[in-house]
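Notes follow the structure.
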Ligand code: NAD
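Residue numbers (the numbering used here): 573 to 907.
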């Protein structure tokens, strides 16, 4: 099988590249990434010299490049490429529309034109909006995004759906909850808090800290996408979640406890505009229909993740001392 993955130098895409190269040594992976501030070829260093992984530096918005790649006998496109940071979308929505909407459409069009067999759109539970204290998002939950980021992802999903309904492109959409694990850019909640705690900097928490997110280990996300690729049904949406709902403040406390740092490092700051209160995923469809079995309990996954950041300061130090400063944007994006 030949796969075109996009955004594969980012957090989830690079983990997926590692996962696939290891599990399917006979597959060919083309990995297209624009290397925005969030893309990092260091995430792919272990794949250097690997004959079945080829990195291409470029944008999904480059029509000619995308067509050239898709024409190389690609069987499936898996679209991870996105602007992914909610606070950046509040400050600068344009680039989110550019990549997450227009870029997705260009990819879909190239896949349709060159008769690619399968297209997987990697999306988010944030397209469903926010939940009250009870209930879970199912695949039938109406789309009601609240931020420019989630709106742009929802628009990408709707285009993907339209390419299935209108042109018969074999599209599947996955909507996952918050991922955590190695190689996550340190603007996101878990790596940001781990790195701040290691450095004895304040751990800045939005509002009352009681916003709830469901946490999914990135490796479990990869195994779910693997199943969708091989066993999924075209035209379907699959929710992927870890059944690990936690308040933000409890995540912060767990990190401090693991690192044996004092709770006095916690500093509450003004809440994000339009901050969604709770996300929760019902993943029973992918579990029952495709046989997905997440491997990680949150308690194990978070401990391993903390250890990874402790042991890999050579990965994050250049990021936080370079173009991205810890307090530059928002101190604690969960999404
Ligand atoms: P990330 O920000 O770490 O990585 C995104 C990657 O996309 C980067 O490598 C970046 O360089 C690349 N990119 C951006 N614009 C591009 C363009 N125009 N052309 C090619 N590459 C481009 O994001 P992530 O956390 O790895 O998320 C991957 C996907 O999963 C996204 O689509 C995101 O919406 C979705 N998602 C992420 C989470 C999460 O918790 N991280 C949760 C739900 C959904």
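The beta carbon of each residue, even a glycine, is placed where N, CA and C say it ideally should be.
Note that the coordinates shown come from a computational prediction; the quantities given were computed from them, not determined experimentally.
In its chain, beyond the 5 residues on either side, 731 have a beta carbon closer than 7 Å to the beta carbon of residue 677. Residue 634 and residue 649 have their alpha carbons spaced roughly 15 Å apart. At least one heavy atom of the ligand NAD lies less than 8 Å from the C-beta of residue 611. Counting only runs of 4+ residues, the alpha helix (DSSP H) found wholly inside the stretch 814 to 853 occupies 820 to 830, in chain order. Remark: the C-beta of residue 702 is outside contact range of the ligand NAD, defined as less than 8 Å to any heavy atom.
In the displayed model, residue 695 falls within a strand according to three-state DSSP. Secondary structure at residue 870: helix, using DSSP grouped into helix, strand and coil. Taking 8 Å as the cut-off, one finds no heavy atom of the ligand NAD near enough to the beta carbon of residue 764. Between residue 823 and residue 762, the alpha-carbon positions lie close to 8 Å from each other. For residue 727, the enclosing alpha helix (DSSP H) begins and ends at 720 to 739.
With respect to residue 814, residue 868 sits close: the two C-beta atoms are nearer than 9 Å. In terms of Cβ geometry, residue 833 and residue 772 form a close pair [threshold 9 Å]. Per DSSP, the beta-bridge partners of residue 744 are 692. Excluding the 5 residues flanking it on each side, residue 792 has same chain C-beta neighbours closer than 7 Å at 814, 866, 867, 868, in chain order. Taking 9 Å as the cut-off, the beta carbon of residue 679 is found closer than this to the beta carbon of residue 578. The nearest non-hydrogen atom of the ligand NAD is less than 8 Å from the C-beta of residue 657.
A straight line joining the alpha-carbon of residue 797 with that of residue 775 spans about 33 Å. The three-state secondary structure of residue 782, taken from DSSP, is coil. Under the DSSP definition of a beta bridge, residue 605 partners with 629.
In this structure, the ligand NAD has no non-hydrogen atom nearer than 8 Å to the beta-carbon of residue 677. For residue 799, there is no enclosing beta strand (DSSP E); the enclosing alpha helix (DSSP H) covers residues 790 to 803. Between residue 588 and residue 652, the beta carbon gap of about 7 Å places them in contact (Cβ cut-off 8 Å). Check the Cα spacing between residue 818 and each of 712, 838, 739, 705: the tightest is with 705.
For the pair residue 615 and residue 755, the CB atoms are nearer than the 9 Å cut-off.
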